[in-house]
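Q: Each residue of the sequence shown is one higher than the one before, starting from 1 at the first, in UniProt numbering.
Built from N, CA and C at the ideal position, the CB exists for glycine as well.
Below is the structure I would like to discuss, written out as structure tokens.
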Amino acid sequence: MPPYPTGSWMPVALSADLPAGTVMPAQSPVGPIALWRSRSGRAVAFADRCPHRGMRLSHGFVRDEALSCIYHGWSYAQAGNCLRIPAHPGLAPPETIRVATQAVEDSGGIIWISVGEAAAPPPRLDGLAPLRSMMVEADVAALEAAAGGKANDGLLDHTHNGRTLRLLLASEGEARTLMHVLVGEDANPTERIAASRAAETLRRAAEGIRRSRAVQ
Numbered sequence: 001m002p003p004y005p006t007g008s009w010m011p012v013a014l015s016a017d018l019p020a021g022t023v024m025p026a027q028s029p030v031g032p033i034a035l036w037r038s039r040s041g042r043a044v045a046f047a048d049r050c051p052h053r054g055m056r057l058s059h060g061f062v063r064d065e066a067l068s069c070i071y072h073g074w075s076y077a078q079a080g081n082c083l084r085i086p087a088h089p090g091l092a093p094p095e096t097i098r099v100a101t102q103a104v105e106d107s108g109g110i111i112w113i114s115v116g117e118a119a120a121p122p123p124r125l126d127g128l129a130p131l132r133s134m135m136v137e138a139d140v141a142a143l144e145a146a147a148g149g150k151a152n153d154g155l156l157d158h159t160h161n162g163r164t165l166r167l168l169l170a171s172e173g174e175a176r177t178l179m180h181v182l183v184g185e186d187a188n189p190t191e192r193i194a195a196s197r198a199a200e201t202l203r204r205a206a207e208g209i210r211r212s213r214a215v216q
């Protein structure tokens with residue numbers, strides 16, 4: 001599987017999939033996260049659990065520069081501290097009410113989550129642009145077998161019909177992999193469609209390998 005040791009970065013979503021003022025669920029090495037983007041455009045990652053009653057914050061809503069829980073409306077700043085408790089409008093929430101946060105970098109069209117304290121910025125993907133993400137119900141080993149190659153620092157090359165497709169992989173457990181499909185920055189619409197179809201074919205092949213291994 002791609003190595004995401006402490007101090008590295010894990011690609012969890014495409015920037016285009018998280019517009020300003022929205023929130024989405026994602027996975028990180030420490031568990032589920034609520035990935036959200038403030039109205040001003042900053043990406044933030046919270047542990048996906050409200051400290052109040054444990055509701056998933058990924059079901060919440062963005063209000064300006066804060067994320068609010070959908071259950072009782074508790075609001076949290078980007079640093080994780082509680083800003084507002086609607087049932088007690090005159091109360092200044094104590095600093096002890098906090099959501100765990102993770103460092104985020106929004107770079108090259110990819111949203112990266114730090115694994116521990118990162119020592120350097122996320123890797124640069126010069127000349128490449130993200131096309132789409134898809135969930136593969138198979139592990140990285142099955143994807144490598146289907147592609148006939150090995151992932152290097154999370155990047156897997158797959159040659160299909162004479163064209164090389166680059167895939168950025170993020171393992172989400174024993175039998176799930178988030179696959180970000182990358183194409184050349186100058187790829188035309190026909191090439192982008194072909195890359196998307198090639199990635200779908202690879203996904204089906206990897207899932208077939210996983211199923212065949214499960215019955216052996």
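Can you check whether the CB of Ala-45 is closer than 7 Å to the CB of Ile-97?
A: As a working note, residue 97 is residue 97 in the sequence shown. As a working note, residue 45 is residue 45 in the sequence shown. Not in contact: Ile-97 and Ala-45 (Cβ atoms no closer than 7 Å).
Q: Buried or exposed for Leu-91, going by 16 or more other Cβ atoms inside 10 Å?
A: Position 91 of the sequence shown, counted from the first residue, corresponds to residue 91. Exposed, since its Cβ has fewer than 16 Cβ neighbours within 10 Å.
Q: On the CB-based measure, 16 or more other CB atoms within 10 Å of its CB, does Met-10 come out buried or exposed?
A: In the sequence shown, the residue the question calls residue 10 occupies position 10. Flag for Met-10 reads buried.
Q: Name, in chain order, the residues that DSSP records as bridge partners for Leu-14.
A: Stepping through the sequence shown from its first residue, residue 14 is reached at position 14. Bridge partners of Leu-14: Ile-110.
Q: What residues in its chain sit with their C-beta under 6 Å from that of Leu-83, if we drop five residues either side in the sequence?
A: Numbered from 1 along the sequence shown, position 83 holds the residue referred to as residue 83. Once the five neighbours on either side are set aside, the close Cβ partners of Leu-83 are Ala-66, Ser-75 and Ala-77.
Q: Can you give me the Cβ contacts of Pro-51 inside the same chain, cut-off strictly under 6 Å, excluding the 5 residues immediately before and after it?
A: As a working note, residue 51 is residue 51 in the sequence shown. Within the same chain, Pro-51 has close Cβ partners Ile-97.
Q: Leu-128: which of Asn-188, Arg-53, Gln-27 and Gly-116 sits nearest, CA to CA?
A: Position 128 of the sequence shown, counted from the first residue, corresponds to residue 128. Out of Asn-188, Arg-53, Gln-27 and Gly-116, Asn-188 has the C-alpha closest to the C-alpha of Leu-128.
Q: Measuring only the C-alpha atoms, how far is Leu-167 from His-158?
A: Translated into the one-based positions of the sequence shown, residue 167 becomes position 167. Translated into the one-based positions of the sequence shown, residue 158 becomes position 158. Rounded to the nearest angstrom, the two C-alpha atoms are 8 Å apart.
Q: Terminal residues of the continuous alpha helix (DSSP H) containing Gly-208?
A: Working through the sequence shown from its first residue, we reach residue 208 at position 208. 189-214 is the span of the alpha helix (DSSP H), which, as asked, contains Gly-208.
Q: Tell me whether Ala-26 is buried or exposed, calling it buried when 16 or more other Cβ atoms sit within 10 Å of its Cβ.
A: Mapped onto the sequence shown, residue 26 falls at position 26. Buried is the call here.
Q: Can you grab the Cα-Cα spacing for the pair Met-1 / Ala-151, in whole Å?
A: What you label residue 1 is simply residue 1 of the sequence shown in a count that begins at 1. What you label residue 151 is simply residue 151 of the sequence shown in a count that begins at 1. Annotation note: pLDDT 39 at Met-1 (below 50); position unreliable, no value reported.
Q: How big is the Cα-Cα spacing for Leu-18 and Arg-132?
A: By 1-based counting over the sequence shown, the position of residue 18 is 18. By 1-based counting over the sequence shown, the position of residue 132 is 132. If you take the alpha carbons of Leu-18 and Arg-132, they lie about 13 Å apart.
Q: Please state whether DSSP places Glu-174 in a helix, a strand or coil.
A: Numbered from its first residue, the sequence shown carries residue 174 at position 174. Looking at Glu-174 - three-state DSSP - the assignment turns out to be coil, as it is neither helix nor strand.
Q: Per the DSSP calculation, Ser-8 is bridged to which residue(s)?
A: On the sequence shown, residue 8 is found 8 positions in, with the first residue counted as 1. Paired residues: Val-115.
Q: What residue range does the alpha helix (DSSP H) around Val-140 cover?
A: Numbered from 1 along the sequence shown, position 140 holds the residue referred to as residue 140. First-last of the alpha helix (DSSP H) with Val-140: 140-147.
Q: Should Arg-203 and Val-136 be called a contact, given that it needs their Cβ atoms to be closer than 7 Å?
A: Mapped onto the sequence shown, residue 203 falls at position 203. Mapped onto the sequence shown, residue 136 falls at position 136. Contact flag set, yes.
Q: Relative to the alpha-carbon of Arg-211, which residue among Ala-195, Ile-193 and Ala-175 has its alpha-carbon at the smallest distance?
A: Along the sequence shown, read from residue 1 onward, the residue named residue 211 stands at position 211. Nearest of Ala-195, Ile-193 and Ala-175 to Arg-211, Cα basis: Ala-175.
Q: Taking the beta strand (DSSP E) that Val-99 belongs to, which residues open and close that run?
A: Here residue 99 refers to the residue found at position 99 of the sequence shown. First-last for Val-99: undefined, no H or E at that position.
Q: Do Leu-156 and Ala-147 come within 7 Å of each other at the CB atom, strictly closer than that value?
A: Here residue 147 refers to the residue found at position 147 when the sequence shown is read from its first residue. Here residue 156 refers to the residue found at position 156 when the sequence shown is read from its first residue. Cβ atoms of Ala-147 and Leu-156: closer than 7 Å.
Q: Taking the alpha-carbon positions, what's the Ser-196 to Gly-184 distance?
A: Translated into positions along the sequence shown, residue 196 becomes position 196. Translated into positions along the sequence shown, residue 184 becomes position 184. C-alpha separation (whole angstroms): 13 Å.
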